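K.L.:
Quick one: the structure is below, and I'll ask about it shortly.
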Amino acid sequence: WVSLTFAAVFILLRIIYRLVFGSFSWQAIGQAASLAVPFALVIVVCGFLSALVDVRKLLPAMSALRYGRSIGTALAIALSSYPTLIHQVKLLGTARNLRGIRSRTAFLVPLLEHTIERAVALAAAMDLRGFGAGKPASVKDSTSIELDHFTLRYGNKTVLNDVTLTIPAGEITVLTGQTGSGKTAVLESIAGLSQHFHNGLVDGKLTIGEVDRNLTPPRLTAGLIGYVGQDVRLSFAAATAREELEFGLRVSGHTTAEASNRAEELIAQFSLEAYADQPIEILSAGEATRVAIAAALALHPRILLLDEPLADLDRDARAELVALLAELQKLEQLTIVMAEHHTSELERLTPQWLSVSSGEVCSGQWGSDVDTLPARSLPVVGSDEIFQVSNFSVVQGSRELVQDVSLSLHVGEVLAITGANGVGKSSLLHALAAKAPSQSICRLVPENVSSLFITETLEEELSRADSLADHKHSGLTAMTFWSILATEESPELLSVHPRDLSAGTQVALAIALQLAWKPQVVLIDEPTRGLDALARTAMAEVLRCVAETGTAVLYASHDEAFVADLGCRVLAIREGALVPDEVTA
226 WVSLTFAAVF
236 ILLRIIYRLV
246 FGSFSWQAIG
256 QAASLAVPFA
266 LVIVVCGFLS
276 ALVDVRKLLP
286 AMSALRYGRS
296 IGTALAIALS
306 SYPTLIHQVK
316 LLGTARNLRG
326 IRSRTAFLVP
336 LLEHTIERAV
346 ALAAAMDLRG
356 FGAGKPASVK
366 DSTSIELDHF
376 TLRYGNKTVL
386 NDVTLTIPAG
396 EITVLTGQTG
406 SGKTAVLESI
416 AGLSQHFHNG
426 LVDGKLTIGE
436 VDRNLTPPRL
446 TAGLIGYVGQ
456 DVRLSFAAAT
466 AREELEFGLR
476 VSGHTTAEAS
486 NRAEELIAQF
496 SLEAYADQPI
506 EILSAGEATR
516 VAIAAALALH
526 PRILLLDEPL
536 ADLDRDARAE
546 LVALLAELQK
556 LEQLTIVMAE
566 HHTSELERLT
576 PQWLSVSSGE
586 VCSGQWGSDV
596 DTLPARSLPV
606 VGSDEIFQVS
616 NFSVVQGSRE
626 LVQDVSLSLH
636 VGEVLAITGA
646 NGVGKSSLLH
656 ALAAKAPSQS
666 ICRLVPENVS
676 SLFITETLEE
686 ELSRADSLAD
696 HKHSGLTAMT
706 FWSILATEES
716 PELLSVHPRD
726 LSAGTQVALA
736 IALQLAWKPQ
746 VVLIDEPTRG
756 LDALARTAMA
766 EVLRCVAETG
776 TAVLYASHDE
786 AFVADLGCRV
796 LAIREGALVP
806 DEVTA
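Written out as structure tokens, the structure reads:
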């Protein structure tokens, strides 16, 4: 039915084009329609075939064909485009309401940008998994990573500046640094994405063993490097977690039985049994991260690159992953390079610490002398109740996530919601936002913060927020934003597209946008996600300042240390119930 709709629209657009740029006559209309019919039939036939056969399962087989890489990648993107569009329409419809924007056309450009972003990420992910690779690059025993006066630029912006370092084979290396300092750029350069997918301009050398990374595309090192980026959902090529685990194996030539057996091993190793066969788009952020890491290890790579792997995991899941990384490094001599802000859990790995600052890399751990939180205490909570709900449940599909929810918020109160991955924290926040009498009372900062952005630059986004909230030229949103980042205003950053900002900077921007409305209650999903220690300190101060103005703050978080040190009231979701909890750092 989707293909029939697209075919009809295609014919209609062809006729309109002919009428606008040609002569008006029934003969001209008939001619335009007849010329469009063959293309429309191709669309309908493809739609009919995809309704009968899950084409995504055929993609691994196409990898071995002569032109399979180009056709298969295009087909995978085409198959994902419609679901991506539908998903983004829903997300952006919600975002339009959250931002208080009446115009439906304001999100047309972001809709297309999100779809293109998904297409590029999917193509890159397939390349990283070896889709359509010819002869893989040969590597000798040594898989040390060498950067020799390596410089990376995007246009006029220098992201990495004359970096020289050695990442030893068989060791764990952790990149630390302030939000937006260039940690992700280091990982993407090692993976080959900066040079071969993001149009980066490079000088100097980057070698892995004897492989020249600047000349070798990611698909030729798929069996050598496993890569997990920040937004893992963009890179999933399959429909379920199990099929995602099998994808790279099938592409690399493993039989169906071999791929199935390896997938079972990974499912058990990463405790994915509960959701291995669920649609991958309904997984929580933490569950999706676990699937992505498992998929990156499917081919037994010798190098594993991880971009903030702990950000979306709860305390138990973080401990399990750190223990697993220690085991992999010890038993398989796996070289692990990761960028991470939550470094306390990684101390037990005794890694090599590297500090990234303004695109320069040196030895040592960044921010080790930064106090995690200021000593300032929370304001006194007022007696007036400004938000109250009782006896309602949170449902996802046919599954009841949380039952009999009852809570109230008072003037200036800060309340944290904790719980394991997938228990329904995000769903609860959305349900509470929907329960609010009006958006002037309650504002939500969702997990997918990039859906809130509608302009082309950070400066425009901050200014637009002031205009929407009816205080033009006040600069209030900008002041809030720079306060959260604990940094001075950067003219260079103001010209960056909001979705090109680092993950932590995007979170800070989204919170500033919603606080521009001066709501009575602000709901925030994972406020410290992607933030470095200094920015988390600033975030705590922002929450205190927001509470001092009388606005109640309700946030969901995996960051137990942040919650404990903030000293606010805490509720936890356990076994489908919202109960009081005590959190310790």
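So the mapping is simple: my numbering equals the position in the sequence shown, first residue as 1, plus 225.
Even for Gly, the Cβ is constructed at its ideal location relative to N, Cα and C.
From a predicted model like this one, the values you see are computed outputs, not experimental measurements.
1) So which of Tyr500, Ile450, Pro443, Asn439 has the shortest CA-CA distance to Glu468?
2) With burial defined as no fewer than 16 other Cβ atoms inside 10 Å of the residue's Cβ, what is the status of Ser720: buried or exposed?
3) Any idea what DSSP makes of Val173, helix, strand or coil?
4) For Glu717, which residues from the same chain have a beta carbon less than 8 angstroms from its beta carbon, with the 5 sequence-adjacent residues on both sides left out?
5) Starting from the N-terminal side, write out each stretch of the beta strand (DSSP E) that is 3 residues or longer and does not extend beyond the segment 522 to 551.
6) Contact between the segment 389 to 397 and the segment 447 to 466 is defined here as three or more beta-carbon pairs at a separation below 8 angstroms; is this criterion met?
7) Which of the three DSSP states, helix, strand or coil, is assigned to Ser328?
8) Excluding sequence positions up to five away, which residues of its chain have a Cβ less than 7 angstroms from the Cβ of Ile240?
9) Can you have a look at Gln773 and say buried or exposed, based on whether 16 or more other CB atoms are within 10 angstroms of its CB?
10) Determine the DSSP secondary structure at Phe356, reduced to helix, strand or coil.
11) Under three-state DSSP, which class holds Thr597?
12) Around the Cβ of Asp695, are there at least 16 other Cβ atoms within 10 angstroms (buried) or fewer (exposed)?
13) Mind checking Cys587: buried by the 16 CB within 10 Å criterion, or exposed?
14) Can you tell me where the alpha helix (DSSP H) holding Gln252 begins and where it ends?
15) Which of the three DSSP states, helix, strand or coil, is assigned to Arg378?
16) To the nearest angstrom, how far is the alpha carbon of Ala810 from that of Leu791?
17) How would you label Asp539, buried or exposed, when you count the other beta carbons within 10 angstroms and need 16 or more for buried?
18) Can you give me the C-alpha to C-alpha distance between Val270 and Lys555, rounded to a whole angstrom?
19) Among Lys660, Ala410, Glu552, which one has its Cα closest to the Cα of Ile611?
20) For Thr575, does the count of other Cβ atoms within 10 angstroms reach 16, so buried, or fall short, so exposed?
21) Output the distance between the C-alpha atoms of Gln403 and Ala416, rounded to the nearest integer angstrom.
22) Got a sec? Which residues, its chain only, sit under 6 angstroms from His567 by beta carbon, not counting five neighbours each side?
23) Quick one, are the C-beta atoms of Thr368 and Ile326 less than 9 angstroms apart?
24) Taking Val457 as the reference, which of Glu585, Pro263, Gly511 has the closest Cα?
25) From what residue to what residue does the alpha helix (DSSP H) around Val732 run?
26) Identify which residue in Gly380, Arg754, Ala564, Leu274 has its Cα closest to the Cα of Thr401.
27) Would Phe332 pass as a contact of Leu317 if the rule is Cβ separation under 9 angstroms?
28) Going by DSSP, what residue range makes up the alpha helix (DSSP H) through Pro752?
29) What do you reckon, are the CB atoms on Ala523 and Leu559 nearer than 9 angstroms?
30) If we count Cβ pairs, one from each stretch, closer than 8 angstroms, do we get three or more for the segment 646 to 658 versus the segment 778 to 785?
31) Between Gly801 and Gln628, how many whole angstroms is the CB-CB distance? I'm expecting something under 8 angstroms.
32) Quick one: any contact between the segment 681 to 691 and the segment 745 to 756, if contact means 3 or more CB pairs under 8 angstroms?
33) Taking the straight line between their C-alpha atoms, what separation do you get for Ile518 and Asp502?
34) Opposite Val804 in the DSSP bridges: which residues?
P.N.:
Once the coordinates are examined:
1) Stepping through the sequence shown from its first residue, residue 468 is reached at position 243. Comparing Cα positions, the closest option is Tyr500.
2) Here residue 720 is taken as the residue at index 495 of the sequence shown, counted from 1. Exposed is the call here.
3) Absent from the structure is residue 173, since the part of the chain shown begins at 226 and ends at 810.
4) The residue labelled residue 717 in the question sits at position 492 within the sequence shown. Cβ within range, chain order: Lys382.
5) 528 to 532
6) no
7) Here residue 328 refers to the residue found at position 103 when the sequence shown is read from its first residue. Of the three classes helix, strand and coil, the one that applies to Ser328 here is coil, per DSSP.
8) Stepping through the sequence shown from its first residue, residue 240 is reached at position 15. Correct list, in chain order: Ile254, Ala257, Ala258.
9) Taking the sequence shown and counting its residues from 1, one reaches residue 773 at position 548. Reading off the sequence shown, one finds Glu at residue 773, where the question assumed Gln. Answer is exposed; the Cβ neighbour count stays below 16.
10) Counting from one through the sequence shown, the residue named residue 356 turns up at place 131. Three-state DSSP puts Phe356 in coil, outside helix and strand.
11) Working through the sequence shown from its first residue, we reach residue 597 at position 372. No answer about Thr597 holds up, because its pLDDT of 49 lies below 50 and its placement is not dependable.
12) Within the sequence shown, the letter at position 470 stands for residue 695. Answer is exposed; the Cβ neighbour count stays below 16.
13) What you label residue 587 is simply residue 362 of the sequence shown in a count that begins at 1. Burial call: exposed.
14) Indexing the sequence shown from 1 puts residue 252 at position 27. Gln252 -> alpha helix (DSSP H) spans 251 to 277.
15) On the sequence shown, position 153 is the one that residue 378 refers to. Strand at Arg378.
16) Within the sequence shown, the letter at position 585 stands for residue 810. Within the sequence shown, the letter at position 566 stands for residue 791. The predicted model places Ala810 with a pLDDT of 40, which falls under 50 and marks its position as unreliable; any figure quoted below should be read in that light. Computed Cα separation, rounded: 10 angstroms.
17) The residue you call residue 539 lines up with position 314 of the sequence shown. Buried, since its Cβ has 16 or more Cβ neighbours within 10 Å.
18) Position 45 of the sequence shown holds residue 270. Position 330 of the sequence shown holds residue 555. Each residue's alpha carbon lies about 52 angstroms from the other.
19) In the sequence shown, residue 611 corresponds to position 386, counting from 1. Comparing Cα positions, the closest option is Lys660.
20) Within the sequence shown, residue 575 is the residue found at index 350, counting from 1. Thr575 is exposed by the Cβ-count criterion.
21) Start at 1 with the first residue of the sequence shown, and residue 403 comes out as number 178. Start at 1 with the first residue of the sequence shown, and residue 416 comes out as number 191. Using only the alpha carbons, I get a separation of about 21 angstroms.
22) Residue mapping note: residue 567 aligns to position 342 of the sequence shown, counting from 1. Closer than 6 angstroms at Cβ, skipping near neighbours: Leu535.
23) Against the sequence shown, residue 368 aligns to sequence position 143. Against the sequence shown, residue 326 aligns to sequence position 101. Not a contact, by the Cβ cut-off of 9 angstroms.
24) For the purposes of this step, residue 457 is taken as the residue at position 232 of the sequence shown. It is Gly511.
25) Counting from one through the sequence shown, the residue named residue 732 turns up at place 507. Its alpha helix (DSSP H) spans residues 728 to 740.
26) Walking along the sequence shown from the start, residue 401 turns up at place 176. Out of Gly380, Arg754, Ala564, Leu274, Ala564 has the C-alpha closest to the C-alpha of Thr401.
27) Within the sequence shown, numbered from 1, the residue matching residue 332 stands at position 107. Within the sequence shown, numbered from 1, the residue matching residue 317 stands at position 92. Result yes, Cβ atoms of Phe332 and Leu317 sit closer than 9 angstroms.
28) Numbered from its first residue, the sequence shown carries residue 752 at position 527. Segment: none, Pro752 is in no alpha helix (DSSP H) and carries neither H nor E.
29) To locate residue 523, count along the sequence shown from 1; it is residue 298. To locate residue 559, count along the sequence shown from 1; it is residue 334. It is not a contact, given that the beta carbons lie outside the stated cut-off.
30) yes
31) Looking up residue 801 in the sequence shown gives position 576. Looking up residue 628 in the sequence shown gives position 403. Yes, Gly801 and Gln628 are in contact; Cβ-Cβ is about 5 angstroms, under 8 angstroms.
32) no
33) Stepping through the sequence shown from its first residue, residue 518 is reached at position 293. Stepping through the sequence shown from its first residue, residue 502 is reached at position 277. So the alpha carbons of these two residues sit roughly 17 angstroms apart.
34) The residue given as residue 804 occupies position 579 in the sequence shown. For Val804, which the question treats as bridged, DSSP gives the partners Ala797.
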